[in-house]
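When we follow this note's numbering, the leftmost residue of the sequence shown carries the number 23, and every step to the right adds one.
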Amino acid sequence: MDLPAYLIPSPDGVPWLTLLVLSPLAGILLVGLAAALRLDDRVARLGATAWTGVPLAIALVVWSRFDPTASAGGQGAVQLVEKIPWIQAVRVDYFLGVDGLSLPLVLLTTAIAPVAMLASWRLTDRVKAHYALLLLLQAAMLGFFVALDFFFFFIFWEFSLVPAYFLIQLWGRENRRYAAFKFFVYTMAGSIGMLLLFQVIYLSVRQAGFPTFDLIALGRLGLGLPVEGVTGTFRDILFAYMERLGVANVLGRYPLLYTSIAFWAIFIAFAIKLAVWPFHTWLPDAYAEAPVAGSILLSAVMSKMGAYGMLRIMLPFVPDASQYFAPVMGALALVGIVAGAFGALANVGGDIKRLIAYTSINHMGYVMLGIAAAAALPGGAAQDSRAIALNGVMVQLVAHGLSTAALFYLAGALHARTDTWSLNDFGGLRVIAPTFAGVMGTAMVTNLYLRGLAGFVGEFFIFRGAWATLPLFTALATIGLIVTALALLLMFQRLFLGPLNERWKAMADLRPAEFWTMLPLLALLLLIGVYPGPLMNLANTTATQLVAVFQRALS
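Written out as structure tokens, the structure is:
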């Protein structure tokens, strides 16, 4: 298949992305073989954990072959492309590729999976099924980040719900059934609108003589970039289809109206996953009730699928509606930032996992603010400011994934020693567990925007970029910085400072295996904080090209 200049195949001809997606599935086969041979659960644990090194190694190979400066046709190049016809009747292609938006999240997914495996090391109930579901969830998330045809994109999006649901349902805490059901229903309900929208999109572009589910081609149409075989923009094509159906005669001849409907169908689907207020209420229950490994993958990776979907589909497909509703997105982001911060503060005497969950709502609010700022009306903002906001978003996604995974892992290690999640049951642990206190304190301060650590870099660039287009929301969002910092400091105080609770006087300090599990995460958080260049360079070309369309008033 001949590819346009902005789609670059693998230089060595090896289907690296297919191998990446299939590698966790091969791990499931090995776990199944261990079950068939009735091998000890320890063998399954060790094998599944070791196998997660295979996707990580492949992801590093993909990174080594990725050129972050490559661009063509007005966009950052999509690289290591694999594209073959799949269902000719409806023009579905097997289409995989990575660019500056997806590669950082691919690397994050493969880095977090071993931590989730190690967090389940103490599990004794249905061990092999648990590890198989973790590998299945990893495969679904990797597929979502590299699939560039909506058919496969949506399959991976929906299929990721299945292992996540069963992880919560089968290995969660007391309210696991409620949390699993709520998580599943929220996400599934949000997806219905997007699924229906893409049926309309397909019929629209088919009428224009270009039937496709190709996300890159459709995004180029939305951005007004040339696509071989079709003329006009996505907005024009959608409006022409509405005219043909007679809908425009009823609702009005306003192209922005129809792209606005498309915008809300896309936004709601991804805002639920990102836990944007008011679509966030599933998150505290799911994160708190899930097993520790589930909490790690849900918070560190799965929530990032919502942000990625907005960047991959919402901004390029409907830039006019994204710009028009940017103040609404900014307002929702601000409410989520403040609500998440105060939600965390309200739990300083309660459940440690619920507190960490609310800080995630706060952090994802900053991500939403950065996306809204990139799309907002010009207001004198330079293209660089918008690109800075999106670069900050990408760093924040990775930094939050690493730091939150560390916090949930350590919360699980604490629970394994004490059999309680309540912060009121602790106090003074620094005396008997100084290493634990030091490691958890380090993981915590990465969420406190401390200079020299990754969390500061991401949110600094989000604030720097957002100030140019949404200054009021940006200024008010600093409330969240202060309140979240207070909540996390109080959490540390409840755990490690003050008089020692005599119940825990024999509690073990952090074990070597636990320390070495945390060390790579903390090292990456420090490295990104001190030298964020390599990570920001991955996304910069794609982000800069994406935001160029927002330099003028579109609506």
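Every residue, glycine too, gets a C-beta built ideally from N, C-alpha and C. Predicted model, so just to flag it, every value in this text is computed and none were measured.
Closest by C-alpha distance to residue i, when choosing among the options
i: Phe-174; options: Asp-121, Ile-106, Pro-136 and Leu-225; result: Ile-106
i: Val-114; options: Trp-538, Ile-501 and Pro-233; result: Pro-233
i: Ile-288; options: Arg-266, Val-314, Leu-337 and Gly-246; result: Leu-337
i: Val-314; options: Trp-73, Ala-438, Leu-560 and Phe-485; result: Ala-438
i: Phe-88; options: Lys-295, Ala-72 and Gly-122; result: Gly-122
i: Gln-97; options: Ser-86, Leu-82 and Leu-29; result: Leu-29
i: Phe-572; options: Ser-407, Leu-543 and Ile-294; result: Ser-407
i: Ala-282; options: Phe-292, Leu-260 and Val-36; result: A quick correction: the sequence has Ser, not Ala, at residue 282. Per the Cα distances, Leu-260.
i: Leu-451; options: Pro-534, Leu-517, Ala-291 and Leu-145; result: Leu-517
i: Asn-446; options: Leu-305, Pro-521 and Phe-482; result: Pro-521
i: Leu-125; options: Thr-146, Met-163 and Leu-183; result: Met-163
i: Met-332; options: Ala-507, Ala-565 and Ser-93; result: Ala-565
i: Met-529; options: Phe-176, Leu-548, Phe-448 and Val-505; result: Phe-448
i: Gly-231; options: Gly-215, Thr-209 and Ala-262; result: Ala-262
i: Thr-426; options: Ala-72, Ala-310 and Met-351; result: Ala-310
i: Val-370; options: Met-210, Ala-509 and Ile-454; result: Ala-509
i: Leu-379; options: Leu-412, Tyr-388, Ala-428 and Leu-305; result: The amino acid at residue 379 is misidentified as Leu; the sequence shows Ala. Among Leu-412, Tyr-388, Ala-428 and Leu-305, the Cα nearest to that of Ala-379 is on Leu-305.
i: Thr-496; options: Val-505, Tyr-208, Ile-484 and Ile-504; result: Ile-484
i: Val-249; options: Leu-547, Ala-79 and Ala-94; result: Ala-94
i: Pro-136; options: Trp-73, Ala-397, Tyr-330 and Pro-185; result: Trp-73
i: Ala-428; options: Ala-58, Tyr-330, Val-184 and Leu-140; result: Leu-140
i: Val-569; options: Leu-247, Gln-405, Leu-59 and Ala-545; result: Gln-405
i: Ser-182; options: Glu-196, Arg-198, Trp-193 and Met-210; result: Met-210
i: Gln-345; options: Leu-546, Ser-317, Ile-393 and Ala-329; result: Ile-393
i: Asn-523; options: Arg-533, Pro-77 and Val-453; result: Val-453
i: Arg-251; options: Gly-316, Gly-35 and Gln-229; result: Correcting the residue identity first, residue 251 is Gly in this sequence and not Arg. When only C-alpha atoms are compared, the closest one is Gln-229.
Whole-angstrom distance between residue j and residue i, CA atom to CA atom
i: Tyr-276; j: Ala-270; result: 8 Å
i: Gly-502; j: Val-103; result: 40 Å
i: Ala-138; j: Val-461; result: 18 Å
i: Ala-552; j: Leu-156; result: Reading off the sequence, residue 552 comes out as Val, not Ala. Spanning the two alpha carbons is a distance of roughly 32 Å.
i: Gln-110; j: Val-417; result: 39 Å
i: Met-540; j: Val-420; result: 16 Å
i: Leu-25; j: Ala-99; result: 12 Å
i: Leu-51; j: Gly-75; result: 16 Å
i: Gln-567; j: Asp-373; result: 43 Å
i: Phe-430; j: Val-340; result: 37 Å
i: Ile-335; j: Lys-527; result: 53 Å
i: Gly-119; j: Leu-245; result: 19 Å
i: Met-327; j: Lys-295; result: 7 Å
i: Ala-535; j: Pro-90; result: 35 Å
i: Pro-493; j: Phe-478; result: 19 Å
i: Ile-290; j: Phe-482; result: 27 Å
i: Leu-55; j: Leu-511; result: 46 Å
i: Val-227; j: Val-272; result: 22 Å
i: Asp-236; j: Leu-475; result: 38 Å
i: Tyr-388; j: Trp-538; result: 30 Å
i: Gly-212; j: Leu-145; result: 33 Å
i: Leu-130; j: Leu-319; result: 10 Å
i: Arg-148; j: Leu-159; result: 17 Å
i: Ala-293; j: Val-207; result: 14 Å
Residues that residue i bridges to, as DSSP identifies them
i: Tyr-346; result: Answer is none; Tyr-346 lacks a bridge partner.
i: Gly-98; result: Ser-93
i: Pro-31; result: Val-103
i: Ile-109; result: Val-114
i: Ala-310; result: The partner list for Ala-310 (beta bridge, DSSP) is empty, contrary to what the question assumes.
i: Asp-373; result: Ser-444
i: Val-84; result: Answer is none; Val-84 lacks a bridge partner.
i: Ala-169; result: Leu-118
i: Val-249; result: Val-252
i: Asp-236; result: Asp-171
Nearest-angstrom beta carbon gap, residue j and residue i [assumed within contact, 8 Å]
i: Phe-285; j: Phe-347; result: 6 Å
i: Leu-189; j: Ala-312; result: 6 Å
i: Leu-278; j: Ala-343; result: 7 Å
i: Tyr-187; j: Phe-205; result: 7 Å
i: Gly-414; j: Gly-487; result: 6 Å
i: Leu-424; j: Leu-557; result: Contact flag wrong, Cβ pair sits at about 11 Å.
i: Met-351; j: Met-390; result: 6 Å
i: Thr-132; j: Leu-78; result: 4 Å
Proximity test, residue i beta-carbon vs the ligand GTP heavy atom, cut-off 8 Å
i: Leu-356; result: What this structure holds is no ligand at all, so the ligand GTP is not there to describe.
Would you be able to state if there are at least three C-beta pairs under 8 Å between the region 292-305 and the region 341-358?
-> Touching, per the Cβ criterion.
Does the region 421-439 touch the region 360-371, meaning 3 or more C-beta pairs lie closer than 8 Å?
-> Segment contact: the region 360-371 against the region 421-439, fewer than three CB-CB distances shorter than 8 Å; contact not assigned.
Pairing CB atoms from the region 316-323 with CB atoms from the region 232-252, are three or more of them under 8 Å?
-> Segments in contact, no.
Counting pairs of Cβ atoms below 8 Å between the region 55-75 and the region 136-155, do you hit three or more?
-> Yes, since at least three Cβ pairs between the region 55-75 and the region 136-155 fall closer than 8 Å, the two stretches touch.
Does the count of Cβ pairs from the region 163-181 and the region 37-48 closer than 8 Å reach three?
-> In the pairwise beta carbon analysis, the region 163-181 is classified as touching the region 37-48: at least three pairs are separated by under 8 Å.
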